[in-house]
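Under numbering that gives the first Met the number 0, the first residue of the sequence shown is numbered 0, with each subsequent residue one higher.
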Amino acid sequence: MEKVIFHVDVNSAFLSWEAIHRLQQGETEDLREIASAVAGDRNKRRGVILAKSTVARQYGVKTGEPVVDALKKCPDLVLVPPHHGVYREYSREFIRILNDFSPCVEQCSVDEAYCDMTGTSGLFGSPVEAAHKLKDRIKKELGFTVNVGISSNKLLAKMASDFKKPDLVHTLYPEEIKDKMWVLPVQELFFVGKATVKKLHTLGIYTIGDLANTDVEILKAHLKKHGEVIHSFANGIDTQILSGEEVKNKGYSNSTTIPFDVEDEATAKIILLSLAENVAARLRNDDMMANVVSVAIVDSEFHNSSHQMTLLSPTHNADELYQKACILFDELWDGSPIRLLAIQTSKVVPKETERQMNLFSFETDEKKERLDQAIDKIRNRFGDAAIQRASLVKQKDKNNN
């Protein structure tokens, strides 16, 4: 049976979620219908646009650009600060609905996920019919729109979801690649960054079709292994397997693809803290503890680097994971613009496994354990936004002021 993979992507996620939240709080103006953007403080030089409305896009406002540049393009641009706790709640509800459609959901960031829909036609109809039912339910129940890309693998499904937006369903099956994907500019292909585009242009490669039909040995000569990878992608070849299950005793991880270049340490560490909280909560939920933590960075040119550390004793505490992640980040980051951050844990053991604690750390660890349990209970009952660590709130405030 041929695989059926959906890539579901929230349209202008932060802006949409912010707009819905404000309308629920009694505001009458819908941010989605005016020139608006979610961004850092407009008086802060390093503030950037996190998400923008369709109207703002018409003025040329771009995600990831400095606020000062966006205001030059659109002086009346309405800027609102981000509320990440609110966005996590909408993300949870988004994934909840996806789980009603597929037994295998793989969330790849706060606003996008893959669904394996293979064999579900008896429940939801054809893939296109199922995609429309999915996106329409999200719109009806949650109030925001999504794009759904359909194909037989993750790469093509993601490419399809990036076609015309918003609130649309697109297919990109292997037999459609030539007509739908090869005609696109080469920079539209996943994993092709600015520096790669320049090199490809010098080789006379301007479209994805040009890339697909170029001798792979020529690409390897100029781009090494990366040339081979993007040649495969241009031909629709993707060997990634979609798995929605976390394998116990192997490791727990979380990553986020950032819609703009992160170029400052403070913003990167805010993201790391959110990732550490997520990984720690899942470890605790499964009564597991990790002995190894690693951090991975993918820069704007998709160069990947990672570093790991073995802990003195296993943990499932977010603060401990975050502190070690920061040490690894400081050792690893060379200052290049960041597009993806990940925290992974490995060599996990059951909670009951004896920890190598000394007399002086036992009481402190017990206090952390009770605090984590209390936080988990509150979040499970009232949602992630109900309680946040002071360290995260302070860093967010510092970043936005």
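Glycine residues also receive a C-beta, built at the ideal position from the N, C-alpha and C atoms.
Handout entry: Reduced DSSP secondary structure (H/G/I, E/B, other) of residue 6
Key = strand
Practice task
Rank 297, 174, 284 and 156 by C-alpha distance to the C-alpha of residue 188 and give the top, closest one.
Solution key: 156
Practice task
Measure how close the beta-carbons of residue 290 and residue 313 come, nearest whole angstrom, since I'm counting them as under 8 Å.
Solution key: 5 Å
Handout entry: residue 9 versus 51, 201 and 345, residue with shortest Cα-Cα distance
Key = 51
Problem - Residues near residue 287 by beta carbon distance below 6 Å, same chain, minus five either side - result: 347
Exercise for the section: Identify, in the order they occur along the chain, each residue of the same chain with its Cβ nearer than 7 Å to the Cβ of residue 179, setting aside the five sequence neighbours on each side. Expected result: Excluding residues within five positions, the ones whose Cβ falls inside 7 Å are 171.
Problem - Closest Cα partner of residue 255 within the set 36, 294 and 133 - result: 294
Handout entry: Stretch pair the stretch 94-104 + the stretch 70-86: three plus CB contacts closer than 8 Å
Key = These segments do not touch.
Exercise for the section: Would you please state the rounded distance, in angstroms, between the beta carbons of residue 214 and residue 63? I believe it to be under 8 Å. Expected result: Not really, about 34 Å apart at Cβ, beyond 8 Å.
Practice task
Can you give me the Cβ contacts of residue 219 inside the same chain, cut-off strictly under 7 Å, excluding the 5 residues immediately before and after it?
Solution key: Cβ neighbours of residue 219 within its own chain (closer than 7 Å, five residues either side excluded): 226 and 227.
Handout entry: Cut-off 7 Å between Cβ atoms - residues of its own chain near residue 92, not counting five sequence neighbours on either side
Key = Counting only Cβ-Cβ distances below 7 Å, and skipping sequence neighbours, we find 141.
Handout entry: Beta-carbon spacing of residue 206, residue 222 below 8 Å
Key = no
Practice task
Would you be able to state if there are at least three C-beta pairs under 8 Å between the stretch 299-308 and the stretch 192-207?
Solution key: yes
Problem - Reference residue 234; option with closest CA among 130, 26 and 208 - result: 208
Practice task
My understanding is that residue 175 touches residue 7, with C-beta atoms under 8 Å, so please give their C-beta distance in whole angstroms.
Solution key: Actually they do not touch by this definition, with Cβ atoms about 19 Å apart.
Problem - Any 3 or more C-beta pairs closer than 8 Å across the stretch 9-25 and the stretch 143-155 - result: yes
Practice task
Would you list the one or two residues that DSSP bridges to residue 158?
Solution key: None; residue 158 has no bridge partner.
Problem - For residue 310, the first and last residue of its enclosing beta strand (DSSP E) - result: 303-314
Exercise for the section: Give the single residue among 31, 200, 160 and 230 whose Cα lies nearest to the Cα of residue 211. Expected result: The shortest Cα separation from residue 211 among 31, 200, 160 and 230 belongs to 230.
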